[in-house]
Structures are given as structure tokens and as C-alpha cells.
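Here the structure comes first, spelled out in C-alpha cells, and everything after it is commentary.
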Amino acid sequence: MQCKKGSNISRISKVVSSLPPSGIRQFFDLVLGMPDVVSLGVGEPDFSTPWHISERAIYNIEIGYTSYTSNKGLKELREAIVSRIKERYGVSYDYETEALITVGVSEAMDLALRAILNRGDKVIVLRPCYVSYAPVVLMVGGDVVCVDLDLETDFKLTPEILEEVIDKNGPIKAIILNYPCNPTGVSYTKEELAYLFSILARNSIIVISDEIYDGLTYDFEHTPSFVFEAIRENLIYLNGFSKTYAMTGWRIGYALGPQDIISAMTKIHQYTMLCAPIMSQFAALEAVEDGQEDLLYMRAEYKRRRNFIVSALNRMGLETRLPEGAFYAYTDISSTGMDSMSFARALLEAEKVAVVPGTAFSPKGDSYIRISYASSIDKLRQAVLRMEAFLERIRK
Ligand SMILES: Cc1ncc(COP(=O)(O)O)c(C=O)c1O
6 MQCKKGSNIS
16 RISKVVSSLP
26 PSGIRQFFDL
36 VLGMPDVVSL
46 GVGEPDFSTP
56 WHISERAIYN
66 IEIGYTSYTS
76 NKGLKELREA
86 IVSRIKERYG
96 VSYDYETEAL
106 ITVGVSEAMD
116 LALRAILNRG
126 DKVIVLRPCY
136 VSYAPVVLMV
146 GGDVVCVDLD
156 LETDFKLTPE
166 ILEEVIDKNG
176 PIKAIILNYP
186 CNPTGVSYTK
196 EELAYLFSIL
206 ARNSIIVISD
216 EIYDGLTYDF
226 EHTPSFVFEA
236 IRENLIYLNG
246 FSKTYAMTGW
256 RIGYALGPQD
266 IISAMTKIHQ
276 YTMLCAPIMS
286 QFAALEAVED
296 GQEDLLYMRA
306 EYKRRRNFIV
316 SALNRMGLET
326 RLPEGAFYAY
336 TDISSTGMDS
346 MSFARALLEA
356 EKVAVVPGTA
366 FSPKGDSYIR
376 ISYASSIDKL
386 RQAVLRMEAF
396 LERIRK
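Just so we're aligned: the sequence shown equals residues 6 to 401 in the working numbering.
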């Protein structure tokens with residue numbers, strides 16, 4: 006599109022023009038308006054926000070809390086977050102200088118990258134990954150160093166791969182980590198993390214760690230990145246309430262990190278966002294203070310669903326590793342001979358089951374689909390029956 010008729014100046018920035026639309030959205034435009042679809046597509050809890058959390062927001066609106074908050078976020082919320090961390094892990098953050106409340110982890114990620122990157126700075130992005138990481142790095146002017154992980158290492162970053170990427174690519178400014186991972190569900194043990202973080206510390210690489218699914222780790226305790234002293238000075242820890250407390254619509258996340266970085270992030274946040282919505286911050290405060298039981302209940306449910314869907318998929322001959330966390334199964338469909346988009350389209354058209362093609366998360370994801378099990382067991386059962394019927398037909 007042109008600015009003015011006859012002008013050669015494009016109205017849209019080159020970076021934005023060059024970005025592909027989100028692969029998930031593209032596919033779900035097809036799903037919209039289709040009746041009777043069982044959607045295992047979106048990465049969103051099927052639970053409503055626990056009522057006492059919503060009620061805390063409603064109460065605070067009723068008594069007049071409808072204003073801006075401090076740019077950094079409600080003091081009570083920052084204080085509650087850091088004191089829970091101190092209680093649980095013995096790690097101290099100063100809520101005044103080392104914590105920032107954001108509009109979801111999405112905003113926190115954008116702020117973190119904008120705060121640290123100069124044009125051309127390199128950021129390691131591990132694929133397959135959450136769809137927004139590479140586009141945000143590019144929009145900020147950074148260079149993406151893609152690392153494609155596969156089944157050979159169980160979709161995990163290994164010390165060998167990390168050392169090789171650092172050696173081959175010269176100075177790296179930052180790495181984005183996400184564990185448990187969307188879309189593979191992969192997480193790491195404390196020992197694995199210690200090894201990776203010692204390499205990152207030795208190379209002075211800033212770690213942006215998105216741990217939004219931390220509470221949804223099923224087979225072992227999640228180890229937060231901030232317990233590793235070696236990277237504390239170079240760590241931007243991101244977390245939020247969307248997934249673990251079923252609060253996607255409230256839009257609350259937070260960042261913890263060194264004073265200079267949090268101060269730079271706060272500067273951008275104050276010019277662009279001012280603050281996160283006050284009523285949502287009160288809801289998040291309730292979640293921190295009194296949401297543990299809800300989290301444990303939802304985690305147990307997700308675990309039951311994970312076990313059900315992963316064994317059903319493997320039984321169907323669609324190889325699926327047992328995800329350690331989050332609520333996604335990353336399923337190998339190569340045995341069908343179809344590519345991921347053709348498979349997802351055909352399954353949708355024939356049986357009205359919506360899944361996300363693996364190419365949404367990595368150009369090398371053509372043999373995979375992502376299935377979200379943040380759906381009721383009944384829905385999952387229905388999806389399994391439909392998928393079995395679909396596979397029987399295409400394998401004939
Ligand atoms: C890994 C990951 N990070 C961040 C987000 C976005 O989180 P928020 O709702 O806090 O912006 C998502 C949402 O799907 C996600 O999967």
C-alpha cells in the first residue's frame with residue numbers, strides 16, 4: 006500500500022510488512038464459524054477464573070479502585086510476589102527496584118527486549134517455540150539466531166548444542182528460554198538447568214526466562230531460573246497469571262531482574278502502557294495470596310487429561326512424547342504421510358477437530374501438530390473418537 010497515490014513510500018514499516026501473520030491465527034480463521042468443532046487449538050485454560058479471584062476485583066471496583074496505579078504496579082502485588090518467592094526459594098528481590106507488573110508476559114517480553122537490544126544484537130530463539138518470540142525480537146531491531154531442536158535431544162537444548170551455537174555465531178546478547186515449553190511441553194531438571202546456565206553465565210549472555218507454565222509441571226518440581234546464583238545478574242525472569250490461574254483475559258504478568266534492566270523496562274512501560282489495569286492487579290493479588298488450592302486442582306486435572314490424550318495418541322500410532330508440563334501435546338504425524346497443514350485441514354474438514362499445524366511454531370514443524378489438552382475429558386474423548394475415524398479412513 007502507498008502513502009499517497011504515486012508515492013513510493015510504503016505506509017507500513019519494512020519490519021512489520023516482512024513478518025508473516027501468526028500461523029495459529031491463520032489456521033483458526035478457517036475454524037471460525039464452523040459448527041460442531043472440537044477445538045484443541047487455542048492455548049487457553051478451559052476453566053473460568055476461580056470465583057474468589059474475580060470477586061476480589063469486583064469488590065475493589067465497588068469501593069472505587071478504578072484509577073491508574075504506580076507505573077511499576079500495585080505495591081501490595083509486587084510485595085506479595087517477591088515475598089512468596091523468598092518464602093519458597095529463599096531468593097530475595099527488592100519489590101521497589103527489581104519488580105515490574107506488566108500487561109501479561111507478552112508485554113514483559115516486549116519490554117525486556119526493547120530495554121536491552123541495540124540494532125543487530127543477536128538473540129537465541131529455540132524452536133519450536135511460542136509464536137511471538139522471533140517477531141518481537143525483529144520488531145525491536147534485533148537479529149534472531151534460530152536453534153532448531155528435535156526429537157534427537159527430546160526437544161531439549163543441550164550443553165553441546167548451546168556451546169556450538171555460541172561458538173558459531175559470535176557475540177550473543179541474549180537467549181529466550183521457555184520451560185515448560187509451548188508447544189512441546191518440555192521442561193528441564195535442576196541439574197540440566199545448572200549446566201546450561203553455567204555456560205550462559207560464562208558467556209555473559211542475558212537470559213530472558215519465560216516461565217508462565219511453571220505451576221503446570223507434572224512429574225517433578227519446577228526449578229525457577231532465579232535460584233541459580235551464576236546468572237542472577239543477567240537474568241530477566243518473566244511470569245504471569247494467564248495459564249496457572251486461568252486468567253488470560255485479566256492480562257497480568259510480571260518481570261523480576263537487576264535494577265538497571267527493570268528500571269529501563271519501567272521507563273518504556275510508563276511511556277507506552279502507564280500501568281496494568283488496577284482491577285486485574287487486585288485479582289492477581291488474590292491469586293498470589295490465596296490461589297494455591299485452585300492451582301493444585303487445575304494441575305491435577307491437566308495431568309489426568311495429559312495422561313489420557315498422550316496414551317490415546319500413541320495408541321493411534323501418532324507418536325507423542327509425554328510432556329513434562331504446560332498443556333500441549335506435540336504429536337508426530339509423519340506416519341500418515343501428510344504435512345502438518347494438510348493434516349490439520351483434512352482433520353478439520355472431515356471430522357471437525359481443530360489442532361494447530363507444527364509449522365506455526367517452527368519452519369521445521371511440518372511433521373507435527375500441537376494439541377492443547379486444556380479441554381474437558383469429554384471433549385478430549387470426542388476428539389479421540391473423531392481422530393480414530395479420520396486415521397482409519399486415510400490409512401485404508
Ligand atoms: C510461552 C508463552 N509465553 C507467553 C504467553 C502469553 O502470555 P500472557 O497472556 O501473559 O501475555 C503465552 C500464551 O500462549 C505462552 O504460551
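No residue lacks a Cβ here, since even glycine has one placed at the ideal position from N, Cα and C.
Run of the beta strand (DSSP E) containing Ser-377, from where it starts to where it stops: Run containing Ser-377: 373-377, per the beta strand (DSSP E) assignment.
Residue closest to Ser-23, alpha-carbon to alpha-carbon, out of Ala-139, Ile-63, Gly-69 and Gly-95: If we check each option's Cα against that of Ser-23, Ala-139 comes out closest.
For Leu-261 and Ile-220, the rounded distance between their alpha carbons: Rather than Ile, the amino acid found at residue 220 in this sequence is Gly. So the alpha carbons of these two residues sit roughly 17 Å apart.
Proximity test, Asp-34 beta-carbon vs ligand 1 heavy atom, cut-off 6 Å: Asp-34 Cβ: outside cutoff for every heavy atom of ligand 1.
Candidates Ser-53, Gly-78 and Ala-120, of which the one nearest Lys-272 by Cα: The shortest Cα separation from Lys-272 among Ser-53, Gly-78 and Ala-120 belongs to Ala-120.
C-alpha gap between Thr-341 and Tyr-335, whole angstroms: Taking the straight line joining both Cα atoms gives about 15 Å.
Buried/exposed call for Lys-178, threshold 16 Cβ in 10 Å: Only buried fits Lys-178, as 16 or more other CB atoms lie within 10 angstroms of its CB.
Around ligand 1, Cβ to any heavy atom closer than 6 Å, ordered along the chain: The answer, residue by residue, is Gly-48, Gly-109, Val-110, Ser-111, Tyr-135, Asn-183, Asn-187, Asp-215, Ile-217, Gly-245, Ser-247, Thr-253 and Gly-258.
Separation of Val-130 from Gly-147, as counted between CA atoms: Spanning the two alpha carbons is a distance of roughly 11 Å.
Under the three-state DSSP convention, the category Asn-65 falls into: Judged by DSSP in its simplified three-state form, Asn-65 adopts helix.
Under the three-state DSSP convention, the category Asp-299 falls into: It is helical.
Of the listed residues Met-303, Glu-294 and Tyr-373, nearest to Leu-323 (C-alpha basis): If we check each option's Cα against that of Leu-323, Tyr-373 comes out closest.
Lys-195 burial status per 10 Å Cβ neighbour count (16 or more: buried): With fewer than 16 other Cβ atoms within 10 Å, it is exposed.
Val-145 and Leu-118 closer than 7 Å at C-beta: Annotated as proximal: Val-145 and Leu-118, with beta-carbon spacing under 7 Å.
The beta strand (DSSP E) enclosing Arg-132, as first and last residue numbers: For Arg-132, the enclosing beta strand (DSSP E) begins and ends at 127-132.
Length of the line joining the Cα atoms of Leu-279 and Phe-233: Leu-279 and Phe-233: Cα-Cα distance of roughly 32 Å.
Assigned secondary structure, Asp-2 (DSSP; H/G/I helix, E/B strand, else coil): No answer is possible for residue 2: it lies beyond the span of the chain, which begins at 6 and ends at 401.
C-alpha distance - Ser-347 paired with Ser-27, whole-angstrom precision: Taking the straight line from one Cα to the other gives about 17 Å.
Bounding residues of the beta strand (DSSP E) (the contiguous stretch that carries Tyr-242): It spans 240-245 - the beta strand (DSSP E) in which Tyr-242 sits, taken as one unbroken run.
Beta-carbon separation (whole angstroms), Ile-217 vs Asn-239, contact threshold 8 Å: Contact between Ile-217 and Asn-239 is absent: CB atoms are separated by about 20 Å, not below the 8 Å threshold.
Contact check, Val-170 vs Val-141, beta carbons under 7 Å: Their beta carbons are not under 7 Å apart, which means Val-170 does not touch Val-141 by this criterion.
Three CB pairs or more closer than 8 Å across the stretch 344-358 and the stretch 300-317: Contact fails between the stretch 344-358 and the stretch 300-317, because fewer than three Cβ pairs, one in each stretch, are under 8 Å apart.
Given 8 Å, three or more beta-carbon pairs between the stretch 358-378 and the stretch 45-57: Counting Cβ pairs under 8 Å, three or more are found: they touch.
Residues that DSSP places opposite Gly-258 in a beta bridge: Answer is Thr-107 and Gly-245, bridged to Gly-258.
Beta-bridge pairing of Thr-253 - partner residues as DSSP gives them: Beta-bridge pairing links Thr-253 to no other residue.
Touching by the beta-carbon criterion (3+ pairs, under 8 Å), the stretch 284-297 and the stretch 51-66: Enough Cβ pairs lie closer than 8 Å, so yes.
Reference Gly-254, options Gln-275, Tyr-276 and Met-284, closest by Cα: With respect to the C-alpha of Gly-254, the residue from Gln-275, Tyr-276 and Met-284 having the closest C-alpha is Met-284.
Three-way DSSP call (helix, strand, coil) for Gly-333 in this model: It should be noted that the sequence gives Tyr, not Gly, for residue 333. Secondary structure at Tyr-333: strand, using DSSP grouped into helix, strand and coil.
Counterpart residues of Cys-280 in DSSP-defined beta bridges: According to DSSP, Cys-280 bridges with nothing at all.
Strand pairing of Pro-362, partner residues [DSSP]: Paired residue(s): Ile-374.
Inter-residue spacing [alpha-carbon to alpha-carbon] between Tyr-184 and Ile-14: About 42 Å.
Inter-residue Cα distance where the pair is Lys-369 and Pro-133: One alpha carbon belongs to Lys-369, the other to Pro-133, and they sit about 8 Å apart.
First through last residue of the beta strand (DSSP E) which encompasses Ser-214: Run containing Ser-214: 211-215, per the beta strand (DSSP E) assignment.
For Val-150, the residue or residues it bridges with in DSSP: Ile-129.
Segment contact flag, the stretch 384-394 with the stretch 69-85, C-beta cutoff 8 Å, min 3 pairs: With a cut-off of 8 Å, the stretch 69-85 and the stretch 384-394 do not count as touching, because too few Cβ pairs lie within range.
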